[in-house]
Structures are given as structure tokens and as C-alpha cells.
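Engineer: Have a look at the structure that comes next, please.
Numbering (my numbering), first residue to last: 16 to 99.
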């Protein structure tokens, strides 16, 4: 049985049903963070053009590793365990 993230190519990202945001960087490293925006709790979405996690509710933007790139969120997306 393959893991849910096995099909992610470098530069891709997706959100799981368990609210985990998974992305794979250009080096092939898998990043797993909470998909729940730290501002108001909306689920972030993968922006494939910019390789960022973007919140559709208030415009916060996060790096693949969860670091805040643009507010209003002030706290990063916390690390999460990648689903098996």
C-alpha cells in the first residue's frame, strides 16, 4: 500500500482529509504542516504557481514549511505528521 504523498512530484502540494498540508520541494523533500490557517482557522490551498500555501479567507500566505510569508496570520503553520 502506498502513502498518500507518494504521488507528489517536486513543486506540488495537496491537503488531506486529516487537515495536513503536504508539499514536496524542488529537492524532493516532503513537508507536512497543518492546513489550518493560524489567523482564523480556514484551510489553506496550494498555490502551484508560487509554491506557497495560501489562505482563501483573508489572504495569509505561507512557505511550504509553514513559515508566514504574508499576514494577517502571525504564527506559522505548525508541523504535522504525514499520513501513512
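C-beta: ideal position from N, C-alpha, C; glycine also.
Kindly list the residues whose CB is nearer than 6 Å to the CB of residue 28, restricted to its own chain and excluding five residues on each side of it in sequence; keep chain order.
Structural biologist: Once the five neighbours on either side are set aside, the close Cβ partners of residue 28 are 38, 61.
Engineer: Would you say residue 46 and residue 21 are within 9 Å of each other, going by their C-beta atoms?
Structural biologist: no
Engineer: Assign residue 36 to one of three DSSP states: helix, strand, or coil.
Structural biologist: DSSP places residue 36 in the strand class (E or B) of the three-state scheme.
Engineer: DSSP state of residue 43, grouped into three classes?
Structural biologist: coil
Engineer: Report yes if the C-beta distance between residue 91 and residue 74 is below 9 Å; otherwise report no.
Structural biologist: Their beta carbons are not under 9 Å apart, which means residue 91 does not touch residue 74 by this criterion.
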